[in-house]
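Taking this note's numbering, the leading residue of the first sequence gets 16, the next gets one more, and so forth.
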Amino acid sequence: MTDIRIDPSVIDGRGRFDPSTADGRWQRAWDAAGTFTADSDSTKPKSYILEMFPYPSGRIHMGHVRNYTMGDVLARYQRMRGFEVLHPMGWDAFGMPAENAAMEKGVHPGGWTRQNIAQMKAQLQRIGFALDWSREIATCDPEYYGHEQALFADLYEAGLVYRKESTVNWDPVDMTVLANEQVIDGKGWRSGAEVEKRKLNQWFLKITDFAEDLLAGLESLEDWPEKVRLMQENWIGKSQGLEFSFDLSNGDRIPVYTTRPDTIFGASFVAVAADHPVAQALAMNNCDVASFIARCKKGGTTAAELETAEKLGFDTEISARHPLTGADLPVYIANFVLMDYGTGAIMGVPGHDQRDFDFATKYALPITRVVANDPARADDPFKGEAEAGDGVIVNSGFLNGMSVDDAIQAVITRAEGEGWGTGRTVWRLRDWGVSRQRYWGTPIPFIHCEACGVVPVPKDQLPVTLPDDVSFDIPGNPLERHPTWKHVDCPKCGCAALRETDTLDTFVDSSWYFLRFASQPADRPFDPEEVAKWMPVQHYIGGIEHAILHLLYARFWTRALAHMGQIAVKEPFAALFTQGMVTHETYSAIEISRVRPFVPGQYQDSEPLEFKKVGDQWIDVSTGEPARERVVYFSPDQIRREGNKAFIKFSGEEVDIGRVIKMSKSKKNVVDPDAIIARHGADAVRWFMLSDSPPERDLPWSDAGIEGCARFVQRLWRLFNAYDAGATGEDKSLDRKAHQTIAAVAADIEALGFNKAVARIYELTGAAEKSAPSASRSAAIRALVHMVAPMMPHLAEEVWAKFIYPTEKSKFISTMRDEYSELIADAPWPAVDPALLVDDEVTIALQHMGKLRDTITAPKGASKDTLEALALASANLQRSIDGAAVRKVIVVPDRLVNIVT
RNA sequence: GCGGGCGUGGCGAAAUUGGUAGACGCGCCAGAUUUAGGUUCUGGUAUCGCAAGAUGUGGGGGUUCGAGUCCCUUCGCCCGCACCA
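Take a look at the structure:
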């Protein structure tokens, strides 16, 4: 333990807490003492607290501050509860923004990233987080991604890695692959060219091998939010259905898959995906088919785009024989059928599937009802949309009268009996495509040899490091066009071969980083024994935006490692918490400007710009042409608020106050944590992050709010300043309040109800302020210092060192050594006396017909008869009853009496 | 299109198993302190009403002695959708 030796003179003498000196003082003290360095050999019980590590975009934003403050409170609280806590921090450092910066600013992605990391680390340190920086990792360091390459090779050996053709967004002008976010309205974000779908040979991870297990595992994740489990369940999307084939008039067969075999009699067409072999075969000899398929390839690859795109179909003029009715159904090629799901072909049942309904309506195909609410209404017309709901089967031969569920079983049984189909489980989950045609990522450690095929880079040659000498002035993958990097000798035969130039999806980097935090040997990814000491993560905190992909991938990766025997746990995160965003109102004004550039001489130089509104359009008065309207946003520090109005500080012009939305650069509604910390100190910001809004909900930032928090920091300082170690006398009600608060705050923190814990601390503070000096009051103040220590650690250390530790040390140190450790960061959570948790008096509500008429005070645990007698003695209650006959009296002990007349 | 979520004062919100709706904070109002502003302290603040009282948890309906909480229905807003991290 370090000796702190605070010189009282350095602590602000004007009676105010001064974060500008105190924050740094205690951050240095924790650092010097190694307070937050996790010891994996400790005999204490272990607790691993983890927040999702940040992408080093340049600056810490308020969302990070909120996220890490929550984790920090948990980490510090757990330490006070006697746990050895692992609370690490690192950087999810690969990704596109670095390449974008390289293209826009001409900097190297690595240099840009490392500079950002240095800056953001300094910012995090100024907030005073209890982090073990000795375990810091950045995924862009070869020391990290080299181990990742080794793990990838292990997965390959275990048969969980393979290559296949897959569709990407292709920008035909920039000749480059585009991410979904780089496709805007179907066009490339830089070139503006119409994006095409293109097939590439890519690397995949067999996450579908674990679909059943990933689904089943969700059951055990009791401390995950229900909604995240539901989202994952839907994402995995297990469905049971029927696979069967249609015989075609041209002699082919088309296997289709349906989750609604009960509606098979309602099938009026068959549709195949544009990539379907049947469609591809037709395209060979028919250019109409080929051009239709080309048309389907336009547009992006996102689910939303595919499913909202206008339904397009091409009648192949082939017919398919219905296996039960023998009817001939037309076969279409359709853009809404996906090759990746099921068999890439469907039976179209327009009556009971909305997409099929839209399609049938457009191409005038029959729409037959086969499910009805009531058998008598078997021929009711449709009201402009499909009916996907439950009901009774009608117009369906042997199925008539059955429920949907029974009919599904009946059709599967018959199909299997007659040999024309089989029941099959299909997953919505697809294998994870991890190939990225980019520079700034983990190189995929494989070599392509003409003779030997795909050969993994031997482990003793890892890491495969990225070359530094790359340029971003030409589109495309710099690794692909690097003059030497990809040329290597085949590790097997020694012949000239080519290195894989794809890099790994950055989600791979974040799928195992929590293991590397737990254990960091130089020669392998992690030490299983060390990992076992810490895993699983006890609390994992991050944004809801990761509810599906990151969390599913991390669960998969952990399972895959367990499958290979490398670790023992299957679920990486025992408890998950998804926090809300930090929001701020927006300030905007409409800027109206001349569309045509100003041409001297065309009109008078001195002529003022004048616009008038004609209908919805602004018109440039001098040219008569439509003017350009543009929304301009202003940042909060450019704005002065007055009542309900907002003005630009500089010009005094009034602006519109917009909605409270997530802080974002484009809307300029960001508040920089650094500026706030410089002004109010770290503790005020931390307190604000925890106050008011429940942590899972959005937190609206406000200047008034942070100022209120800064005032509360000073209010606590004054209360702690009034601490009297020698005070005597007992204040029983304050004792009760203090102990109830200690217990409730502990419960709130454990349930991550920080806003509630904050409210209780306010209440106890108010009660302590109002009470006269007494031993009880001094105890309440000591308890408060402990309780705020996880939330406002700098203030807590300062008051501990100045007001409490020096005076109490000599008195108690022999008997209460732990509580009186020099740093409050090392102190235990205050003990609770259970006898003080219950009140001896309670307030009883008196109701007449359920309406409140009076309240009385009664001893706790009073009998029903006593309460009834007390209630009937109430004048207010009697006035309401007004002599009516009492029919019933409901007494809820310690709560209420309700008279029914 | 599919999936998920959220609606309670001027604002952020709280409310064991259904049992006093609005704790706590912000803002606002009044007063005290201060040379002034800020700070600090005291009191008030759901709505209507002088009051008694009535109304009130997005809207409508139901169950119950009693509903923010349970059921049905309806409206509004937000988020995710596989190459953003």
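All C-beta atoms, glycine included, are put in the ideal place defined by N, C-alpha and C. The model shown is predicted, which means the values in this text are computed figures rather than measured ones.
Using the DSSP secondary-structure output, state which residues sit across from residue i in a beta bridge.
i      : result
His695 : Paired residue(s): none; His695 is not in a bridge.
Trp590 : Sequence check: residue 590 is Ala here, not Trp. Paired residue(s): Asp238.
Asp504 : Ala511
Lys866 : His863
Ile64  : His554
Leu215 : Ser181
Met362 : Val285
Tyr820 : DSSP lists no partner for Tyr820.
Asp909 : None; Asp909 has no bridge partner.
Lys628 : Trp633
Measure from the alpha carbon of residue i to the alpha carbon of each residue in the options, then state which is nearest.
i      : options                        : result
Tyr177 : Arg733, Val901, Asp224         : Asp224
Arg645 : Glu606, Glu657, Val853         : Glu606
Tyr159 : Ala349, Thr521, Leu215         : Thr521
Glu237 : Phe592, Cys155, Glu465, Ser679 : Phe592
Lys221 : Trp500, Glu248, Trp41, Leu175  : Leu175
Gly73  : Ala899, Val647, Asn131, Ile676 : Asn131
Val485 : Gly126, Glu883, Pro69          : Gly126
Arg445 : Thr182, Ala379, Gly673, Arg205 : Thr182
Ser306 : Ala289, Val293, Glu320         : Ala289
Val901 : Val847, Leu911, Asp267, Glu883 : Glu883
Ser878 : Thr872, Pro849, Pro908, Ile871 : Pro908
Ile796 : Gly49, Gly406, Leu779, His809  : Leu779
Thr376 : Asp200, Ser283, Ala173, Asp707 : Ser283
Assuming residue i and residue j are in contact, meaning their beta carbons sit under 8 Å apart, how far apart are those beta carbons, in whole angstroms?
i      : j      : result
Ile556 : Met85  : 6 Å
Ile142 : Arg701 : 7 Å
Gln369 : Glu400 : 6 Å
Tyr473 : Phe461 : Residue identity check: residue 473 is Pro in the sequence provided, not Tyr. With a Cβ gap of about 11 Å, Pro473 and Phe461 do not count as contacting.
Gly382 : Phe397 : It should be noted that the sequence gives Ile, not Gly, for residue 382. About 6 Å; that satisfies the 8 Å criterion.
Glu812 : Trp41  : 4 Å
Asp228 : Gly203 : About 39 Å; that fails the 8 Å criterion.
Lys313 : Glu209 : 6 Å
Pro270 : Ser260 : 5 Å
Cys464 : Lys507 : 7 Å
What's the gap between the Cα of residue i and the Cα of residue j?
i      : j      : result
Pro458 : Glu196 : 22 Å
Asp330 : Ala298 : 13 Å
Arg336 : Leu494 : 52 Å
Asp524 : Ile152 : 11 Å
Ile914 : Ala899 : 11 Å
Met704 : Ala790 : 33 Å
Phe735 : Gln729 : 10 Å
Asp373 : Pro365 : 8 Å
Val88  : Leu767 : 9 Å
Met67  : Leu353 : 34 Å
Lys866 : Leu885 : 17 Å
Thr923 : Asp483 : Missing from the structure shown is residue 923; the chain here goes from 16 to 916 and no further.
Asp421 : Asn388 : 15 Å
Leu339 : Val293 : 23 Å
Val923 : Pro715 : Residue 923 lies beyond the range of the chain shown here (16 to 916); nothing can be said about it.
Gly434 : Ala425 : 14 Å
Asn82  : Arg574 : 27 Å
His578 : Cys510 : 35 Å
Leu166 : Phe588 : 20 Å
Gln755 : Ser895 : 36 Å
Nearer than 7 Å: is that true of the beta carbon of residue i relative to any heavy atom of the ligand FAD?
i      : result
Val904 : You won't find the ligand FAD in this model; it holds no ligand whatsoever.
Using 8 Å as the threshold, is the stretch 721-734 in touch with the stretch 50-62, meaning 3 or more CB pairs across them? no
Cβ pair count under 8 Å reaching 3, the stretch 109-121 against the stretch 32-43: no
Specify whether the stretch 549-562 and the stretch 572-586 touch according to this definition: at least 3 beta carbon pairs, one from each stretch, less than 8 Å apart. yes
How do the stretch 74-90 and the stretch 484-493 stand: do at least 3 beta-carbon pairs fall below 8 Å, yes or no? no
Taking 8 Å as the cut-off, does the stretch 728-741 touch the stretch 836-849 (at least 3 CB pairs, one atom from each stretch)? no
Are the stretch 107-116 and the stretch 451-468 touching, with three or more C-beta to C-beta distances below 8 Å? yes
The stretch 500-520 in contact with the stretch 442-450 per 3-pair CB rule at 8 Å: yes
Touch check for the stretch 771-780 and the stretch 812-822: three-plus C-beta pairs under 8 Å? no
Are the stretch 595-604 and the stretch 244-258 touching, with three or more C-beta to C-beta distances below 8 Å? no
I want to know whether the stretch 794-803 touches the stretch 842-853 - three or more CB-CB distances under 8 Å. yes
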